[in-house]
Structure formats: C-alpha cells, structure tokens
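What follows is a single structure, written as structure tokens, with notes after it.
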Amino acid sequence: MSKKVCVIGLGYIGLPTAALLANRNCDVHGVDVVQSTVDTINKGKIHIVEPELDTFVKAAVNSGKLKADTKPTEADIFIIAVPTPFHEGYVPNIDYVVSATKAIAPYVKEGNIVILESTSPVGTTDKVEEVLKENGVDTSKVYIAHCPERVLPGQIMRELVENDRIVGGTTPEATQKTVEFYKTFVSGEVLSTTARTAEMAKLTENSFRDVNIAFANELSMLCDTFDIDVWELISLTNRHPRVNVLQPGAGVGGHCIAVDPWFIVHAAKEAKTEAKIIKTAREVNTYKTEWAIEKIKNAALEFENKNGRKAKVACMGLAFKPDIDDLRESPALYITKRLLSEGVDVLAVEPNIKTHNEFEIVEYAKAIEEVDIISFLVAHKEFKELDIGNKIVLDFCGIK
C-alpha cells in the first residue's frame, strides 16, 4: 500500500519533493497558501524554473498521485518545507514553521511521521513538537524529525535522490522511522543523529560556504585596489594542489547562504558568546554588494562628466545565482533596485523571468545595444558569448 504524504509549502524545495515522491508511487497532497500556485500545479504546470521539474509535476498530476490544495489532509507522513527568514536585526523568524505546524495538528494521528525540512535555527524541531502538543497531539505517539534539504538550484531533481541526507529525530525511534522513509527514495547515504545536531549541521554547511566566499570577495576588492586581475590570480592560485579559492561575485544571495549564518550568530549572542569569523564573513559579503553599487555609480558619473550626458547602465542578471529564476536575497536584484532609486538610468536584464512588478525586464541583446555601461552581476549562460563591442564593462561575476 502506497504511503500518503502531505507536503506543506510548494516552493523551491516542497514542490520538487512532492513531485519526486508522487513519481515514486506515494499519494501526495501538496499544500500552499497561494491559490494561484495551487491552481497552476493542479493543471500539471509549475510556477518556478527548475530543470526537469515540469516533467515530474506533469506526470505526477496526470497519474493522480499529486494534488495541491490550500489546506492539509490526513497522511502517514507530513513534510514541512516553508521559508525561515529573519526579523529586523537578523533575528530568526520561524513564524511560517509554527503556522504550518498548527495547520497540520488536527490531521496528525498516532504513528505519523512529521518532518521539518526547512533550514531552521537550533531548537526549531523541538518547537514543532511543542506546538503539536499545545494543539492536542499526543507527541509520544508521533515521530518528529529534522532532515534539512541540501540541494543546489538547477540540479534539485537529481540531488534530492543522490545527495547524502542527515536525519535527526527528537527521539531515537523518530530518527529510525524517518531514516527508513528517506531510504525509500534516496540513493545517497542517510545519516542518523539528533534533531539539534541535524539543525546545526545545515547551518554549519552554509556558514562554511559563506566564509569561503567572503575570502574570495575580499580578495576581489583588494585586487581592484592593487590593479590585479582577480580571475587570473585565482586561476593561478588554484593550481596549488591544496588550494581552492572560490569565485567572487556581487555578494551572496539565496535563502540559505545569505540567511543561515545569522542563525548561528544570533544563537551565539543569546548564549553570551560570539561567532566572530561567521559574523565577519557575513559582513564582508554584504559589503561587497555595497562596493559594487559604488563602482557602478562612479563609472556612470565618470561617463557623464566625460560625455555631457547621463550614462545608460545594463544590470545583467537579477537572480541570486546563474541560470535560475530565484530572486530571494539576490544581491543583483538589490543592486538594480538601489541604482534605480538613486536616479541611475538602468536597464534590467534577466533571461530567466519575463516580468517584474517594479521595473521592466529588457532583452539582453536590446540592452547591450542601447547602454553605455554593462554591469555583469550574474554569470548566466546567455551572457557568456555576447559581442559587447567597445562598451564599458564592469564584471562582478567572472563572465569575461
């Protein structure tokens, strides 16, 4: 008999997970608070850009194995995959997790598994148990666990299956039951630990990456001062067998790397200690975005002083990384908005989206033809072989 799975949150993690499970013979009930998202999915279509996802969703809906709604239903397994942003001052915000837990509480029964996949501050899985208990669930008869997603946008459908997974339950029994579930569709290793360690593991992974990106971003700003080509420098440095300097960019975006380190910084502050390196790395990566804005503004001013007219600037890319449509915490989007707000004549280019509610999206060929300054913010594949003539180029992502 196939398992019934209820997935709360049909975004960049929830929908691929729901579609994958539905194609593995689970009966999946997907839940999202946005009616248009629900309607789109029930037509067998998708509202986000992710390779292969459209095929998975269409097959799942056509087979009757995937249905979407705005309300949960009874299931054997509940998966919570909702956003975990932060409040002002980088204070973690788990309001969506709490709301999702309250929503499923009336449907959770003895023997069910409740899994938190959202990247969360340490202690959030315990909070899920607390909320369920407060809403009438006998949590001693339910298996509650955390299994953080660790996939790369653009490769999600493959990595959901192939990547190793970390599972931590609030009890050893919860860990075991949840591990058994993931082993039904994950070919990578499924590793057991506690809920708190699983939560900290995901935060550690992304903080590690943030620190390494901060090194590259700081290096890029130093090289600009020293008149050194940072891309050549990194290429040469990485010929050392034990060195792997990452590529700098216009900052760091996305819901994970730009957010998760603050969860550790906040927890350290609450514990009356400091996460010095992690905090500094976050600050360096945030400053890199401000630095890029100043570089573009200075180039525009120099052009105006020289030519007697305002410069037109192309902001090439808005997504937080190449070849996706995800704008969450995107430094490129932030740069574009800031430049527009400060009166710079900007043409916004993003080949992976058609419209934006704050400004017009311009085709990249048209933008390059019309502008004076080309600012490469995201290394989309469409930008790799462009003929840019003798235009002024500011390359923040190594596109040249």
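In short: position in the sequence shown from 1, add 2, done, that's the working numbering.
Note that beta-carbon positions come from the ideal geometry of N, C-alpha and C, so glycine has one too.
Within the same chain, and ignoring the five residues on either side of residue 220 in sequence, the residues whose Cβ sits closer than 7 Å to its Cβ are 286.
The beta carbon of residue 175 lies closer than 7 Å to those of 145 in the same chain, with the five residues before and after it left out. Residue 167 carries a strand assignment under DSSP once its states are collapsed to helix, strand and coil.
In the structure shown, residue 87 adopts coil according to DSSP, grouped into three states. By the neighbour-count criterion, in which a residue is buried when 16 or more other Cβ atoms sit within 10 angstroms of its Cβ, residue 57 is exposed. In the structure shown, residue 256 adopts coil according to DSSP, grouped into three states. Residue nearest to residue 90 within the set 189, 264, 359 is 264 (criterion: CA-CA distance). Comparing alpha-carbon positions, the option among 368, 297, 311, 215 lying closest to residue 227 turns out to be 297. A direct Cα-to-Cα measurement between residue 374 and residue 154 gives close to 35 Å. Uninterrupted alpha helix (DSSP H) stretches at least 4 residues long and entirely within the region 75-155 occur at 97-106, 126-136, given in chain order. Distance from the Cα of residue 33 is smallest, within the candidate group 42, 378, 333, 27, for 42.
A Cβ-Cβ distance of about 19 Å is found for the pair residue 163 and residue 200, leaving them out of contact under the 8 Å criterion.
Its chain contains 140, 143, 144 as the residues whose beta carbon lies nearer than 8 Å to that of residue 112, once the 5 sequence neighbours on both sides are disregarded; these appear in chain order.
Distance from the CA atom of residue 105 to the CA atom of residue 312, rounded to whole angstroms, is 53 Å. Under the three-state reduction of DSSP output, residue 195 falls in the strand class. Under the DSSP assignment, residue 396 falls in the beta strand (DSSP E) whose first and last residues are 394-397. If the five residues before and after residue 257 are omitted, its C-beta is found closer than 7 Å to the C-beta atoms of 85, 330, 331, all from its own chain and listed in chain order. The continuous alpha helix (DSSP H) containing residue 235 extends over residues 232-239. Taking all protein chains in view, the Cβ of residue 238 is surrounded by fewer than 16 other Cβ atoms within 10 Å, so the residue is classified as exposed. Residue 329: not part of any beta strand (DSSP E); DSSP gives it neither H nor E. Taking the CA atoms as reference points, residue 233 sits about 10 Å from residue 397.
Within the same chain, and ignoring the five residues on either side of residue 229 in sequence, no residue has its Cβ closer than 8 Å to its Cβ. Under DSSP, residue 378 forms a beta bridge with 318, 397.
Rounded to the nearest whole angstrom, the C-alpha separation of residue 6 and residue 24 is 10 Å. Residue state for residue 346 is assigned as coil, using DSSP reduced to three classes. Straight across, the Cα-Cα distance linking residue 323 with residue 138 is about 43 Å. Counting the other Cβ atoms within 10 Å of the Cβ of residue 4 gives fewer than 16, which makes it exposed. If you look at residue 268, you'll find it in the alpha helix (DSSP H) that goes 262-272. Taking the C-beta atoms as reference points, residue 127 is found no nearer than 7 Å to residue 83. Under DSSP, residue 68 shares a beta bridge with 30. If you look at residue 286, you'll find it in the alpha helix (DSSP H) that goes 278-309.
Taking the CA atoms as reference points, residue 319 sits about 34 Å from residue 100. Look at residue 351 here: in three-state DSSP terms it is strand. The C-beta of residue 333 has 16 or more other C-beta atoms within 10 Å across all chains shown, which makes the residue buried. Secondary structure at residue 158: helix, using DSSP grouped into helix, strand and coil. The region 212-219 makes no contact with the region 360-368; the number of CB pairs closer than 8 Å stays below 3.
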